[in-house]
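Residue numbers (our numbering): 2 to 258.
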């Protein structure tokens with residue numbers, strides 16, 4: 002069974018990684034079209050990507066939105082997960098169901114619904130719809146991750162701190178948060194990646210020049226399919242990997258499990 006499990010994991014991971022690897026290899030082509038294997042090695046498509054104002058502005062927008070959404074989702078998700086895990090109150094089941102409901106609602110339906118809502122509120126020409134849409138998508142992952150961390154966390158230290166007359170806020174700040182820090186960072190990564198790579202909801206909620214990178218890429222593919230697409234996609238992969246590797250370097254990937 003160990004051998005079968007190892008082989009199965011290797012096959013699954015390989016199948017998941019192959020599309021990204023092919024895109025990255027194709028981005029270094031010296032040709033004028035996306036061919037695999039590439040006829041030669043060149044960095045000119047990355048140079049064109051960084052010189053493209055639309056893509057760079059979209060990259061900045063995606064990064065800015067993803068960072069803000071990750072921080073907001075972490076704050077809201079921790080509060081919700083802490084209340085669900087530690088307290089019994091009327092409506093607890095409703096709160097838990099509401100927190101996870103975006104996972105079962107089709108993204109297209111969610112995007113259209115939010116578009117109608119913000120159009121009715123006359124807020125479609127602001128960044129607020131994009132922030133709210135990504136926040137709604139990210140919160141379920143944050144709540145689920147933090148709930149798992151709180152469930153595995155030993156509450157004896159919290160009880161000992163309260164017996165020593167620590168206030169609830171001191172217990173959370175000095176005991177709970179440091180102990181579940183790996184879970185918090187893992188939740189933040191989930192929220193960032195969910196926001197940074199979203200296209201289904203973003204395409205309904207962007208406006209004017211505030212377009213996210215996936216939407217800009219999706220729009221570009223409608224009219225052209227040159228290796229610039231692969232270069233920009235590779236930049237997205239590199240940004241995501243850089244964040245994950247930075248967290249792994251700081252606290253260790255095994256603690257995020």
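A virtual CB, placed ideally from N, CA and C, is assigned to each residue, including glycine.
Residue from the options with nearest C-alpha to residue i
i, options, result
"residue 184", "208, 152, 170, 166", "152"
"residue 247", "186, 159, 220, 38", "186"
"residue 133", "115, 35, 37, 144", "115"
"residue 37", "243, 227, 112, 238", "227"
"residue 66", "218, 224, 214, 244", "214"
"residue 63", "193, 169, 242", "193"
"residue 29", "14, 218, 50", "50"
"residue 200", "223, 189, 109", "109"
"residue 44", "232, 238, 240", "232"
"residue 202", "117, 16, 17", "117"
"residue 137", "123, 156, 105", "105"
"residue 142", "9, 162, 222, 99", "99"
Cβ separation of residue i and residue j, assumed to be a contact under 8 Å, to the nearest whole Å
i, j, result
"residue 60", "residue 204", "In fact, because the Cβ distance is near 17 Å, the residues do not count as touching under 8 Å."
"residue 78", "residue 140", "5 Å"
"residue 208", "residue 126", "6 Å"
"residue 181", "residue 154", "6 Å"
"residue 230", "residue 218", "7 Å"
"residue 189", "residue 23", "Not quite, the Cβ-Cβ distance comes to about 29 Å (not below 8 Å), so this is no contact."
Limits of the alpha helix (DSSP H) - the one that residue i falls within
i, result
"residue 221", "214-224"
"residue 52", "45-52"
"residue 148", "129-153"
"residue 199", "Unbroken run through residue 199: none, as it is neither H nor E."
"residue 30", "Segment: none, residue 30 is in no alpha helix (DSSP H) and carries neither H nor E."
"residue 158", "157-164"
"residue 38", "From DSSP, residue 38 is part of no alpha helix (DSSP H); its letter is neither H nor E."
Checklist entry - Is the segment 67-86 in contact with the segment 51-59, if contact means three or more CB pairs nearer than 8 Å? => result no
Say whether the segment 82-96 touches the segment 141-149, bearing in mind that this needs 3 or more beta-carbon pairs closer than 8 Å, one atom from each stretch. Taking 8 Å as the limit for Cβ pairs, the verdict is that the segment 141-149 does touch the segment 82-96.
| message | At 3 residues or longer, what runs of the beta strand (DSSP E) sit wholly inside the segment 99-131? | response | none
Sufficient close CB pairs (3 or more, under 8 Å) joining the segment 86-105 to the segment 165-173
no
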